[in-house]
Amino acid sequence: MVDSAKPNYVSLDLADAPADRPFVYTNMVMSADGKVVIEGTERGLGSPVDQQLMRELRTNADVVLNGANTLRKTGSSSRLKDSRLESLRISRGQPPNPIAAVLSSSGDIPLDRLFFTSDQFRAIVYLGDTASSERVAAILATGRELVEVPATNPVPAMFRHMRETLGAQRVLVEGGPTLNGMIFDQELIDEYFITIAPRLVGGDETMTAIRSDRVSTAALVQQLKLISAVTNPETGEMYLRYRRINS
Ligand SMILES: NC(=O)c1ccc[n+]([C@@H]2O[C@H](COP(=O)([O-])OP(=O)(O)OC[C@H]3O[C@@H](n4cnc5c(N)ncnc54)[C@H](OP(=O)(O)O)[C@@H]3O)[C@@H](O)[C@H]2O)c1
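In the numbering used here, the protein residues as written are 15 to 261.
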């Protein structure tokens, strides 16, 4: 099961999407003590190999989704930045880059970021229905699409829109932990990709991959099956792929 060097995530054997939502797979990088940020961002955690795997995972996605706080901290984009992978998507009848999407409650997001300015990908803001009309107007003025979702429970409506209106089969969730937590709460993480980086970060408050009030018990835990585990002696990283086992 444990191979050496790098997995190939370019053409994944992901299951078909259900009728009411896309198939959901998440990708995160964490330290050996399970932390997903250093000094407020994920920068510096993963190696160039981890970055390449992120691009390969995006190759399989119709939509790449982030939470708004990740957009604020590090930016959000669905770009592959790899002409070979872009060509592969085009040969499959897909746009070269997936749709980029962000979920926000406040609508207080930086409108000068690549997410709003790039012409290399389509982008959609899923915005809670309690955001102010000023924020709505400012987002629409960028020319990007805006889809209102119920702030009380945004995830099902957002996924339904992706599946039914965008025709999305697969959404790649790239964090952060709050967004992951909202999806975890509803048991909608179908596959979970994680890079373990050879670093220790520490800190009681430092975030882990899933932020949620819902705590599993031994009897009610979301079980995962290990699909692949690859080690890279050069980077010291481990690349894990899990699939959630439905009860
Ligand atoms: N290690 C990794 O692989 C990795 C990957 C991604 C991100 N990160 C790190 O994770 C951190 C960000 O994570 P985070 O957990 O703070 O935030 P996040 O998951 O990126 O964003 C969560 C966002 O969800 C929105 N939201 C919350 N409740 C909502 C509701 N009911 N309806 C609609 N929208 C709702 C909020 O938007 P508003 O605030 O706009 O209201 C909130 O900012 C950053 O430091 C980033 O660097 C690490």
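Glycine included, every Cβ here is placed at the ideal spot set by N, Cα and C.
- At least one heavy atom of ligand 1 lies closer than 7 angstroms to the C-beta of G81.
- Each of G81, G216, T40 was checked against the Cα of V139, and the nearest Cα belongs to G81.
- G54 has its alpha-carbon roughly 28 angstroms from the corresponding atom of K20.
- When DSSP states are grouped into helix, strand and coil, V235 belongs to the coil group.
- Between ligand 1 and L59, a heavy atom-to-CB distance of less than 7 angstroms is present.
- Looking only at D47, N41, R35, the smallest Cα-Cα distance to G217 is reached by D47.
- Between F130 and R158, the CB-CB gap stays under 8 angstroms.
- Per the DSSP secondary-structure output, G142 pairs in a beta bridge with V163.
- Apart from the 5 residues on each side of it in sequence, L128 sits with its Cβ closer than 7 angstroms to the Cβ of G89, S91 in its chain, given in chain order.
- Rounded to the nearest whole angstrom, the CA to CA distance from S147 to S132 is 24 angstroms.
- In the structure shown, the three-state DSSP call for R255 is strand.
- Note that the C-beta distance between K49 and R69 is not below 8 angstroms.
- For the beta strand (DSSP E) assignment, the uninterrupted runs of no fewer than 3 residues enclosed by the region 185 to 240 are, from N- to C-terminal side, 205 to 211.
- Counting C-beta pairs closer than 8 angstroms gives fewer than three between the region 231 to 239 and the region 59 to 79, which falls short of the contact rule.
- Secondary structure note for F129: it is in no beta strand (DSSP E), and the uninterrupted alpha helix (DSSP H) holding it is 128 to 131.
- Excluding residues up to 5 positions away in sequence, F37, D204 lie with their Cβ nearer than 8 angstroms to the Cβ of A29 in the same chain.
- Going by beta carbons, L193 and V187 fall inside the 8 angstroms limit.
- Here the alpha carbons of P247 and V185 stand approximately 30 angstroms from one another.
- Judged by DSSP secondary structure, F173 falls within the alpha helix (DSSP H) whose first and last residues are 168 to 178.
- With a beta-carbon spacing of about 4 angstroms, S45 and R213 fall inside the 8 angstroms limit used to define contacts.
- The beta carbon of I259 lies closer than 6 angstroms to those of Q237, K239 in the same chain, with the five residues before and after it left out.
- Under the DSSP definition of a beta bridge, G81 partners with L117.
- As computed with DSSP, F37 is found in a beta bridge with R184.
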